[in-house]
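Asks: Quick note on numbering that gives the first Met the number 0: the sequence shown kicks off at 0 and runs consecutively.
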Amino acid sequence: MFRTMMNGKIHRATVTEANLNYVGSITIDEDILDAVGMVANEKVQIVNNNNGARFETYIIPGMRGSGVICLNGAAARLVHVGDIVIIISYAFVQEENVNKHQPKIALLDESNRITQMISYEPEATIL
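#1: Take the Cβ of Lys8 as the centre, count every other Cβ of all protein chains shown within 10 Å, and call the residue buried at 16 or more, exposed below.
#2: Assuming Asp33 contacts Asn111 under a Cβ cut-off of 8 Å, what Cβ separation, rounded to an integer in Å, is found between them?
#3: Taking DSSP as the reference, what is the three-state secondary structure of Glu55?
#4: So within the stretch 57–104, which uninterrupted beta strand (DSSP E) runs reach at least 3 residues, ignoring any that extend past its ends?
#5: Sorted by chain position, which residues of the same chain lie with C-beta nearer than 6 Å to Ala52's C-beta, five sequence neighbours on each side aside?
#6: For Thr3, does the count of other Cβ atoms within 10 angstroms reach 16, so buried, or fall short, so exposed?
#7: Taking the beta carbon of Ala105 as the centre, do at least 16 other beta carbons fall within 10 Å, making it buried, or is it exposed?
#8: In this structure, does DSSP put Asp28 in helix, strand or coil?
#9: Just tell me which of Ser65, Asn71, Arg63, Gly61 has its CA closest to the CA of Ile45.
#10: To the nearest angstrom, report how far apart Asn47 and Glu94 are at their CA atoms.
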């Protein structure tokens, strides 16, 4: 049996752009992608802390060091520049490896710079 487990998480990213006229996807600074092990064209879930919207799209790598978090296409209607979002990728993990699986979680500041990397989320902790 396989379980679907969180594999990577970008926590509290600030939306820098919303481009309605693009075909679709989310553009993410490639340095952030590398840190959490996400790749181009990977399916991700986005959770908007400002309005509660939850949706899925795929990744387009953005310029390294730019801090870009840009929602493109229809997803641009679900965010505003300045909104705080959480971006999550998942992986299928074999049952016998579930307890060994460690996701990569990047905590970001207001400029989308990584302030800390963790592999678990402590219970009842506000990050």
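The beta-carbon is built from N, C-alpha and C at its ideal position, and this holds for glycine as well.
Replies: The short version:
#1: Burial call: buried.
#2: So it is not a contact: roughly 14 Å between Cβ atoms.
#3: In the three-state DSSP reduction, Glu55 falls in the strand class (E or B).
#4: Counting whole runs of 3 or more residues, the stretch 57–104 contains the beta strand (DSSP E) stretches 68–71, 83–93.
#5: Sequence-distant partners of Ala52 (beyond 5 residues in either direction) whose C-beta falls short of 6 Å from its own C-beta, in its chain, are Leu77.
#6: Thr3 comes out exposed.
#7: Under this definition Ala105 is a buried residue.
#8: Note: Asp28 maps to strand in three-state DSSP.
#9: The residue with the shortest Cα to Cα distance from Ile45 is Asn71.
#10: A direct Cα-to-Cα measurement between Asn47 and Glu94 gives close to 30 Å.
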